[in-house]
Amino acid sequence: MDAPLEACPDSHPTRFDQRELHKLLCSLSDELCRPLASLRTGFDLMLGDGPADFTGDQKGHVATMRSLCDDLLRLTRSYLDYAEVIRGGRSPSLGTFSIRALVYEIDRSFGAAARAKGLDWRAEAVDGDVLVATDATRCQQIFAALVSNAIKFTPAGGRVHVEGKADADSWSLIVSDDGPGVPADQQGRIFEPFYRLNRDEHSSAEGNGLGLSIGLELANQLHGRILLDSDEGRGAVVRVVFPRTPPAPNSAAAGKTRADRP
1 MDAPLEACPD
11 SHPTRFDQRE
21 LHKLLCSLSD
31 ELCRPLASLR
41 TGFDLMLGDG
51 PADFTGDQKG
61 HVATMRSLCD
71 DLLRLTRSYL
81 DYAEVIRGGR
91 SPSLGTFSIR
101 ALVYEIDRSF
111 GAAARAKGLD
121 WRAEAVDGDV
131 LVATDATRCQ
141 QIFAALVSNA
151 IKFTPAGGRV
161 HVEGKADADS
171 WSLIVSDDGP
181 GVPADQQGRI
191 FEPFYRLNRD
201 EHSSAEGNGL
211 GLSIGLELAN
221 QLHGRILLDS
231 DEGRGAVVRV
241 VFPRTPPAPN
251 SAAAGKTRAD
261 RP
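Next up, the structure:
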């Protein structure tokens, strides 16, 4: 049996480290967001009420700068998102949802983009009528990280399938694709903060290396775990498993955050 893969092997942040990282990321986000927001406003004014003698090329350059500014704003805000997740200040808000409803939301959010890319997209709930207790907002953040990653790296003509199912004491969401897969020597690192796979053919793929880290932290907060089964060149199957009835939010803290290979 393969050994479990640790999300941050031998270096998982202590509570003190997390507090320091939270302060650093919040400060960084604040320092960057304010000037970027001002720049964004300036670009809007230039495009809306700028000089009448702006040429088409000049307007195009300003529009490009505005778009780059938006990208940087999204990046800095993602740092703040990660800071809030690792702080874990908000207890899960549990509600009762059907697996079908949770899968439908994934299909609504990602189906059109996957088909537009030319992917064989399918999202189905095998045990759709089963009701589970969870925080739907956190679930969707977890699923979004996994599904968007699969769509991003699977080339046109490939397959991305999402399946929701239930067992006696747990329920799971499985995201499978036939993309490039994850090399064995990197499977223990893809859930680390800021880590990105070194793939020349996908070097232009956008991302900041935080999506999977955020997903894993949130899964841990819901007493779930993420399992990865992948071979380089043969796609990947990622399964996130939750208890059907999780412990109360004020119960003993969950164990160390992990991503495992089944």
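Quick note on numbering: full-length UniProt numbering labels position 126 of the sequence shown as 126, and the sequence is numbered without any gaps. Even glycine gets a Cβ: it sits at the ideal position worked out from N, Cα and C. Quick caveat, the model's predicted, so the values are computed rather than measured.
Item, Value
"Out of curiosity, what's the CA-to-CA distance linking residue 274 and Leu227?", "Outside the displayed span of the chain (1 to 262) sits residue 274, for which this structure offers no information."
"For the candidate residues Ile190, Leu39, Thr134, whose alpha-carbon lies nearest to that of Asp216?", "The question names Asp, yet the displayed sequence has Leu at residue 216. Taking only the C-alpha atoms, the option nearest Leu216 is Ile190."
"Does DSSP classify Asp44 as helix, strand or coil?", "helix"
"Nearest-angstrom Cα distance between Ser148 and Leu47?", "32 angstroms"
"Around the C-beta of Phe110, are 16 or more other C-beta atoms found within 10 angstroms, so that it is buried, or is it exposed?", "buried"
"For Val175 and Leu212, which I take to be in contact (beta-carbon distance under 8 angstroms), what is that distance rounded to the nearest angstrom?", "With 8 angstroms as the limit, Val175 and Leu212 do not qualify as a contact, their Cβ atoms being about 12 angstroms apart."
"Nearest CA to the CA of Pro246: which residue from Ala144, Gly224, Leu39, Pro180?", "Gly224"
"Across the stretch 115-129 and the stretch 92-102, are there enough close Cβ pairs to call them in contact, namely three or more that are closer than 8 angstroms?", "yes"
"What does the alpha-carbon distance come out to for the pair Ala133 and Leu94?", "6 angstroms"
"Given this structure, state the Cα-to-Cα distance separating Val238 from Gln58, to the nearest angstrom.", "46 angstroms"
"In terms of alpha-carbon separation, which member of Cys33, Gly42, Pro92 lies closest to Ala63?", "Gly42"
"Who are the near neighbours of Ser230 in its chain, counting only those whose CB is closer than 6 angstroms to its CB and skipping five residues on each side?", "Gly181, Val182, Ala236"
"With a threshold of 6 angstroms on Cβ separation, who are the neighbours of Pro243 within its own chain once the five nearest residues in sequence on each side are excluded?", "Ser170, His223"
"I'd like to know whether the C-beta atoms of Val160 and Leu173 end up nearer to each other than 8 angstroms.", "no"
"Ignoring anything shorter than 3 residues or poking outside the stretch 130-211, list the beta strand (DSSP E) runs there in chain order.", "131-134, 159-166, 170-177"
"Report the rounded CA-to-CA distance for Glu232 versus Tyr195, giving the unit in angstroms.", "18 angstroms"
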